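A.B. asks:
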Amino acid sequence: MHIDVITCVPKLLESPFNHSILLRAQKKGLLEVVVHDLRDYATNNQKQVDDYAFGGGAGMVLMIEPIAKCINALKEKRQYDEVIYMTPDGKKFHQKTANRLSLLNNLIILCGHYKGVDERVREKFITLELSIGDYVLSGGELAAAVVVDAIGRLIPNVLSDETSALTDSFQDNLLAPPVYTRPAEYEGMKVPEILLSGHEANIQEWRLEQSLKRTQERRPDLLDGYEL
Ligand code: 6GU
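Numbering (our numbering), first residue to last: -7 to 220.
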């Protein structure tokens, strides 16, 4: 998968993709993330990418020309499956969307900043608008990093069996069960006996029970419509 991220604050995205699982995905050639500085596509001498809002009011708006120039240049090289705009008024990003996007080939992710982008950008270029939750961030960059991470780890063959996404919280609408590692006892706190038993079937059953219990206690909303 190839992901182009467009931002006016590229420094915010210098490292999140270069560690851990996303780094491995890139080293394996399964993922390529390129960050583009909107300022490199500015169309006037001052390298301006934002301007005052027509009609007044506080806050700057990202201009259409630099964004159009950048997206059009990218589209010369590839066919994009989605052109995503990160914005607090977008559709809430869920695991289901991550699963779908992880099977695509080419994505553009445009990060909003200040008061957002000129509405005409959304009309002309954007195919999907995403928010990562009901709170306001200074810009779409950290949200874009969240989306790239959630998608990147799901790309086929990125995770090994050991790190399989199949046992993640949310993958089947259930929270993950508790996990333990050595030592088997810490200051009198014991790891549940069953996990030391070596009895695979019983362990799987225990984990499912724990998942259900945890979901019921913490996120009962996830169980609406869940087949028990
Ligand atoms: Cl995508 N952008 C901003 N600025 N704030 C957010 C968000 C996005 N998602 C949640 N809050």
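C-beta: ideal position from N, C-alpha, C; glycine also.
Predicted, not measured: the structure shown is a model, and the values here were computed from it.
Say yes only if the C-beta of tyrosine 106 is nearer than 7 Å to one or more non-hydrogen atoms of ligand 1, and no if none qualify.
C.D. replies: The sequence position of residue 106 within the sequence shown is 114, counting from 1. No.
A.B. asks: Would you tell me roughly how many angstroms separate the C-alpha atoms of leucine 120 and valine 25, rounded to the nearest one?
C.D. replies: Residue mapping note: residue 120 aligns to position 128 of the sequence shown, counting from 1. Residue mapping note: residue 25 aligns to position 33 of the sequence shown, counting from 1. Their backbone Cα atoms lie some 19 Å apart in a straight line.
A.B. asks: Shortest alpha-carbon distance to valine -3 belongs to which of Ala137, Arg199 and Val150?
C.D. replies: Start at 1 with the first residue of the sequence shown, and residue -3 comes out as number 5. Minimum Cα distance to valine -3 is reached at Ala137.
A.B. asks: Return the CA-CA distance between glutamine 196 and leucine 167, expressed in angstroms with no decimal places.
C.D. replies: The count along the sequence shown starts at 1 and reaches residue 196 at position 204. The count along the sequence shown starts at 1 and reaches residue 167 at position 175. C-alpha separation (whole angstroms): 14 Å.
A.B. asks: Report the CB separation of valine 41 from leucine 5 in whole angstroms; it is logged as a contact under 8 Å.
C.D. replies: Within the sequence shown, residue 41 is the residue found at index 49, counting from 1. Within the sequence shown, residue 5 is the residue found at index 13, counting from 1. About 16 Å; that fails the 8 Å criterion.
A.B. asks: Mind the definition here: the region 126 to 133 touches the region 152 to 164 only if three or more C-beta pairs lie below 8 Å; say whether that holds.
C.D. replies: Contact between the region 126 to 133 and the region 152 to 164 is absent, because fewer than three Cβ pairs lie under 8 Å.
A.B. asks: With a threshold of 6 Å on Cβ separation, who are the neighbours of glutamate 74 within its own chain once the five nearest residues in sequence on each side are excluded?
C.D. replies: Start at 1 with the first residue of the sequence shown, and residue 74 comes out as number 82. Around glutamate 74: Leu99, Thr119 and Leu120.
A.B. asks: May I ask whether a heavy atom of ligand 1 can be found less than 7 Å away from the beta carbon of glutamine 82?
C.D. replies: For the purposes of this step, residue 82 is taken as the residue at position 90 of the sequence shown. According to the sequence shown, residue 82 is glycine rather than glutamine. Checking every heavy atom of ligand 1 against the Cβ of glycine 82, one is found closer than 7 Å.
A.B. asks: Exposed or buried, alanine 65, counting other C-beta atoms within 10 Å across all chains shown (16 or more means buried)?
C.D. replies: Position 73 of the sequence shown, counted from the start, is the residue given in the question as residue 65. Answer is exposed; the Cβ neighbour count stays below 16.
A.B. asks: In whole angstroms, give me the CA-to-CA distance for proline 148 and valine 1.
C.D. replies: Here residue 148 corresponds to residue number 156 of the sequence shown, with the count starting at 1. Here residue 1 corresponds to residue number 9 of the sequence shown, with the count starting at 1. Spanning the two alpha carbons is a distance of roughly 30 Å.
A.B. asks: I need the straight-line Cα distance from methionine 181 to lysine 116, nearest angstrom please.
C.D. replies: By one-based count along the sequence shown, residue 181 stands at place 189. By one-based count along the sequence shown, residue 116 stands at place 124. Looking at the two C-alpha atoms, the distance is approximately 59 Å.
A.B. asks: Span of the beta strand (DSSP E) holding serine 203?
C.D. replies: Stepping through the sequence shown from its first residue, residue 203 is reached at position 211. Premise fails: serine 203 lies in the alpha helix (DSSP H), 192 to 210, not in any beta strand (DSSP E).
A.B. asks: According to the neighbour-count rule (16 or more other Cβ atoms, all chains shown, within 10 Å of its Cβ), is threonine -1 buried or exposed?
C.D. replies: As a position in the sequence shown, residue -1 is number 7, starting the count at 1. Its Cβ being crowded by 16 or more others within 10 Å, threonine -1 is buried.
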